[in-house]
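Structure, as structure tokens:
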Amino acid sequence: MTTDAALRHTAPVTEADTAHTDTGTEDKDFPLREDIRLLGRLLGDTVREQEGDGVYGVIESVRQASVRFNRDDDDSARREMAEILNGLPRDTMMSVVRAFSYFLHLANIAEDQHHIRRTRDHAIAGSAAREGTLPYALDRLEAAGVEPDRLAGMLGIAQVSPVLTAHPTEVQRKSILALEHKVAALLDTRDRSRLTPEEAEANMDALQEAILTLWRTRMLRPQRLAVIDEVKNGISYYTDTFFAELPKLFCRFEDLLAKRFPDREWSLPAFFRIGSWIGGDRDGNPFVTAPILREAMRLQSTAALDHYLTEIHDLGGELPLSELLLGTSPELEELAKRSPDHSPHRADEPFRRALTGIYARLAATLRTLDQHEALRNAVGKGDPYRNSEELLADLEVLSKSLKAYGAGRLAAGRLRRLIIAVKTFGFHLAPIDLRQNSDVHQRTVAELLAVAGRCADYAALPEDERIALLAEEIQSPRPLHSPYHAYSEETAGELAIFFAARQLRETYGAAALPNSIISKTDGASDLLEVALLLKESGLLRPSVEGAPALGLNIVPLFETIEDLRQAPATMERLFTLPAYRALVTSRGNEQEVMLGYSDSNKDGGFLTSGWELYKAEIELAKLFDRHGVRMRLFHGRGGSVGRGGGPSYQAILAQPHGAVSGQIRITEQGEVIASKYGRPEVGQRNLEVLTAATLEATLLDLENHVEPAESFYAAMERLSELAFRAYRGLVYETPGFTQYFRTATPISEIATLNIGSRPASRTKSDRIEDLRAIPWVFSWAQCRLMLPGWYGFGSAVEAWLQEQPDGMAMLQRMNHAWPFFKSLLSNMDMVLAKSDLAIASRYAELVEDAELRERIFGRIREEWQRTRRQLLAITGHDDLLGENPLLARSIRNRFPYMDPLNHVQVELLRRHRAGSSDERVRRGILMSINGVAAGLRNSG
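See the structure below:
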């Protein structure tokens with residue numbers, strides 16, 4: 001079964017090969033095309049074998065017609081494809097959908113493998129450091145004259161935190177992802193190993209088996225995920241990637257620093273935190289409760305302790321060191337003496353005995369904390385650790401003893417990585433954020449005040465009176481809550497969450513639950529309401545004796561355009577309020593602010609959202625500096641550009657000066673989590689990108705220095721006004737737009753797709769305002785319009801140029817000199833390239849009202865063309881993605897496999913909405929949604 005493609009992978013990589021590749025004289029993408037051909041052929045063989053020659057022939061005819069259309073722009077080829085697909089029996093149509101969906105999934109695997117391959121090729125060839133790597137960042141800092149002391153100071157207060165959320169755009173089942181990881185591992189083996197003919201054949205057989213298993217594995221979930229399922233999915237990324245790759249990254253960073261600055265001792269604090277909302281995010285999700293929060297923390301803790309136990313067991317095998325041959329510190333001898341391991345065979349092996357004792361104590365900790373038994377029994381009893389610091393101290397005893405007696409090299413491997421893991425993950429694994437909508441907090445506080453006889457109608461109070469009342473209450477030691485009163489279900493549930501949080505922090509440590517986030521923050525009282533709830537649950541100690549102590553960070557989330565504009569005033573009001581300023585002081589004069597990209601985009605459009613976020617960051621940075629408070633921004637971004645997505649490196653560097661300041665948190669959502677962190681090598685690369693970008697954004701002045709910023713800001717302000725008017729005019733002010741959106745996209749069907757525990761809308765309303773941003777963006781991606789990522793830009797530029805006839809030169813300078821504007825255009829460029837008006841027009845045909853269809857789709861089509869035209873004029877390129885040929889190639893290769901899926905989806909939507917009760921029709925729609933999402937990659 002060995003083929004030419006298989007033989008290619010068996011050839012060793014030589015110095016000549018890598019040098020040749022690095023100079024660009026060889027086709028660097030040849031291995032990628034070969035992998036795609038190989039996986040496509042194996043998928044085709046599977047379809048032919050399992051479904052028969054007839055079905056295979058149909059799929060191949062559709063593929064060839066679609067390729068011909070995309071390559072030659074041949075309308076007859078598209079008509080041919082449509083004729084074939086429209087006449088298919090339903091079962092055959094299902095096979096077509098599955099075949100094209102799986103091809104796109106396999107193409108993603110091949111692309112990820114190619115990125116890994118190219119990274120290794122660069123490393124082997126000794127290429128110059130690449131953008132987004134730590135060596136590149138350190139090179140830039142050195143070139144800019146950044147002193148080691150300044151770098152060390154920044155790292156001392158640094159926090160880099162990607163936060164995993166359960167927002168539902170991940171359409172893949174975990175079992176499907178596991179099979180895809182198997183395919184990826186087999187491709188990786190072919191790349192890295194010089195295989196014998198027998199080994200190559202076995203590898204090929206294993207690939208064929210994996211693809212056959214994929215073909216016979218259900219693509220869709222039969223029912224909606226529960227929150228605990230989402231928790232377990234999130235934990236799996238620690239097992240697959242974070243446990244191994246995060247400590248490796250820390251070690252590599254420390255080694256790089258030691259090499260560059262040998263006169264200093266570099267021991268990095270655990271500044272990297274993988275956060276989580278899963279199990280703590282209650283905003284619009286009634287299934288997140290106090291028992292769920294407790295179980296989420298228990299499962300997380302179990303995963304962390306299981307990992308430590310495995311590592312300690314393996315260390316025992318790696319350190320059979322005899323005290324007859326290696327000196328030991330008194331601390332190590334004491335640690336070994338306390339061990340329950342009294343075997344005469346290990347009497348002279350203090351490291352092993354110490355590790356056996358550590359294992360026994362950790363197994364007891366697992367049993368006590370999480371009611372879970374260790375996989376391997378301890379040799380004897382041990383007292384549970386009270387906290388992770390005690391475990392860390394024991395591990396440090398081993399490390400220091402090895403270093404003190406000339407065996408430091410043995411401390412630099414697994415033991416060093418385990419110490420970093422314990423520093424990073426503690427006994428809680430991931431800090432879980434609490435999040436709830438401000439309206440819920442308001443109702444809860446109102447009920448507490450009313451029942452206590454403090455205020456009969458809190459909701460009716462003006463903002464100033466609310467602030468005064470709340471400030472007084474959070475300083476009072478008297479509780480409002482009574483255990484003898486039966487509160488409403490909502491209030492009881494909210495109080496239960498905060499009481500559970502206090503108990504979990506006592507059990508797992510304060511780092512387990514550090515933040516309480518307030519969605520839809522629009523005033524100072526929103527933060528004071530949470531402060532009151534924290535006081536009621538014992539997480540805020542009033543200033544009865546001494547200063548008050550706040551246990552959790554209270555984090556406002558500013559989401560709408562108006563709320564972003566008011567954010568500085570809201571924070572100013574809080575910082576000048578003595579009761580709240582005292583709470584900030586108790587948190588070390590640090591305050592986190594979260595900015596919502598998704599809802600601000602849905603509210604005001606792509607351009608205005610980006611600009612208002614940027615302005616808010618500038619004003620907040622000034623405000624915080626004036627009040628002597630360190631600001632940490634939390635960026636609520638999604639995967640798609642319409643939800644603030646795009647390359648993380650460019651996004652961080654595009655922040656205004658002073659907005660990062662060594663600390664940044666960013667949400668990672670939906671299918672982006674699997675894409676970024678599903679494979680260890682890709683995961684480490686993405687973790688490194690976040691770290692490198694944070695270093696550069698903090699320590700370098702990356703702002704525009706070509707001309708005064710005020711001129712650029714004035715232009716951007718006017719463009720934003722014009723884009724806002726165009727976007728709002730379509731989405732919120734055009735009669736019939738909501739009907740058009742709900743008919744011309746699969747929004748209704750997406751709501752039934754079992755991709756998360758959260759409902760698609762906050763209420764039962766059909767209004768765009770009440771729809772969650774995720775399904776809003778996801779729907780426009782499915783119909784290939786990607787409207788939230790570009791609409792309004794073309795009209796804005798066109799109108800501005802009428803006001804400023806010479807304005808194009810300024811826009812071109814802005815693109816060249818201003819990272820923010822360049823990043824904005826780059827993301828829009830990507831979105832436009834992924835859109836397809838011809839495909840979108842077929843979805844528009846689902847709107848039966850011809851006048852409504854043409855009126856709205858006509859406007860969208862004209863704006864797309866206008867936006868593309870103005871974008872190319874600014875960038876100076878002849879076509880989209882002129883600066884990103886690799887992405888252009890990827891998209892070009894995907895379109896022939898996405899187009900049939902879109903075509904089938906439209907046909908099935910038509911049948912489903914005409915009243916078809918055939919379950920295969922509904923299933924086919926959902927499978928096509930899966931396939932299109934795979935083809936777009938960052939769709940939600």
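Heads up: the sequence shown at position 153 corresponds to 153 in UniProt numbering, and the numbers run straight through without jumps. Glycine is no exception: its CB is placed at the ideal position from the N, C-alpha and C atoms.
Cut-off 8 Å between Cβ atoms - residues of its own chain near residue 381, not counting five sequence neighbours on either side: 340, 360 and 364
Residue 485 CB to nearest heavy atom of the ligand NAP below 7 Å: Looking for the ligand NAP in the displayed structure turns up nothing, as the structure carries no ligands at all.
Terminal residues of the beta strand (DSSP E) in which residue 667 lies: 663-668
C-alpha gap between residue 608 and residue 812, whole angstroms: 19 Å
Reduced DSSP category for residue 498 - H, G, I as helix; E, B as strand; rest coil: helix
Buried versus exposed, by CB contacts within 10 Å (16 or more), residue 795: buried
Short Cβ contact (8 Å threshold) for residue 912 with residue 906: no
Whole runs of the beta strand (DSSP E) within the region 520-569, excluding any shorter than 3 residues: 553-558
Classification of residue 836 by the beta-carbon crowding that lies within 10 angstroms, buried from 16 upward: buried
Test item: CB-CB of residue 810 and residue 873 under 8 Å: no
Simplified DSSP state of residue 306, which is helix, strand or coil: helix
Assumed close pair residue 680, residue 46 - CB separation to whole angstroms, cut-off 8 Å: Not quite, the Cβ-Cβ distance comes to about 27 Å (not below 8 Å), so this is no contact.
Residue 738 and residue 767 closer than 8 Å at C-beta: yes
Residues sharing a beta bridge with residue 275, DSSP: 163
Residues sharing a beta bridge with residue 635, DSSP: 595 and 666
At least three beta-carbon pairs within less than 8 Å, the region 230-237 to the region 117-131: no
Cutoff 6 Å; reference residue 348; Cβ partners in own chain excluding five residues on either side: 322, 323 and 324
Counted within 10 angstroms of its Cβ, other Cβ atoms place residue 802 as buried (16 or more) or exposed: exposed
Ranges of the alpha helix (DSSP H) found wholly within the region 761-789, counting only runs of at least 4: 773-782
Own chain partners of residue 463 with C-beta closer than 8 Å, once the 5 adjacent residues on each side are dropped: 523, 524 and 525
Nearest-angstrom Cβ-Cβ length linking residue 860 and residue 902, presumed shorter than 8 Å: Actually they are not in contact, since the Cβ atoms of residue 860 and residue 902 sit about 16 Å apart, beyond 8 Å.
Under the three-state DSSP convention, the category residue 516 falls into: strand
Under 8 Å between C-beta atoms of residue 521 and residue 558: yes
Residue interval of the beta strand (DSSP E) (run including residue 437): 434-437
Three-state secondary structure (DSSP) of residue 845: coil
DSSP-derived helix/strand/coil call for residue 878: coil
Residues bridged to residue 281 (per DSSP): 435
C-alpha distance - residue 570 paired with residue 91, whole-angstrom precision: 58 Å
DSSP beta-bridge partners of residue 630: 590
Touching by the beta-carbon criterion (3+ pairs, under 8 Å), the region 492-510 and the region 457-471: no
Delimiting residues of the alpha helix (DSSP H) encompassing residue 327: Counting along the chain, residue 327 falls outside any alpha helix (DSSP H), and DSSP gives it neither H nor E.
Residues near residue 161 in its chain [Cβ-Cβ closer than 6 Å; skip 5 each side]: 273, 275 and 665
Limits of the alpha helix (DSSP H) - the one that residue 197 falls within: 197-215
Coarse secondary structure for residue 368, derived from DSSP in three states: helix
Supposed contact pair residue 370 and residue 301 - C-beta distance, whole angstroms, cut 8 Å: 5 Å
Close beta carbons around residue 421, own chain, < 6 Å, minus the five adjacent residues each side: 247
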